[in-house]
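So for the sequence shown, our numbering puts the first residue at -4; every next one is plus one.
Here's the structure we're looking at; comments come further down.
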Amino acid sequence: MIYLQLFLAFLRVGFFAFGGGAAALPLIEKEVVENYHWLQNGEFLELVTLSELSPGPIGINSATYAGFKVAGFWGAFVATVAFCFPSFLLVFLAYRFLSVFEHDSRVQSFLRGLRPAVLALMGMACYSIAHRGIKDWFTIFVAAFAFFLIYYRKMDPILVLLLCGLVGILTGLTGLKLGI
């Protein structure tokens, strides 16, 4: 029964994850935290962090991680396949049929209408992660500094992630508390 629930949950997410993995995060959160209660809020934040650190797309990594947390190896397999299947199907159909409708004004209008919704989903993902992840001044400072390094200094995001992890280790070793 759990495999069927995982499959249906991530199939739903996969069908509505327009805009990529970051846009899928609020949908994944709704399924695994709110609908099924498979993960707690803190565990979801951990899922996002580990998915971002792992190589590959964050949406697929999130599905795999959540599936593994819920039902082990086969849960990870089922969640990943279910999440990816709609993309495979839509790309296949788009390849086969979209060229016929490429210049259709209704199709162009539909795609133009999707763009703001994708922006809203990505904004919701940012809000949700920030809302649950900001626990103290340390988090705010490190997040702002990481943003500065990546956006303004064009530093490699992987290097920034590793540096932030190192800063976290160092502050943990010193026992530094910077609560809000």
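Virtual Cβ for every residue (Gly too), placed ideally from N, Cα, C.
Relative to the Cα of L34, the nearest Cα in the group T134, A112, A66, S82 belongs to A66. For the 9 Å CB-CB criterion, P52 and G14 do not form a contact. Ranked by Cα distance from F133, the first of Y147, I164, G108 is I164. Restricting attention to F11, Y122, I23, the CA atom closest to the CA of L109 is found in F11. The three-state secondary structure of S49, taken from DSSP, is coil. Where A4 is concerned, the enclosing alpha helix (DSSP H) starts and stops at -3 to 11. I153 has its alpha-carbon roughly 15 Å from the corresponding atom of Y147.
Per the C-alpha coordinates, the member of F142, L116, N56 positioned closest to K25 is L116. Annotation: S49 to L42 spans about 10 Å, alpha carbon to alpha carbon. For the pair L3 and S82, the Cα-to-Cα distance works out to about 15 Å.
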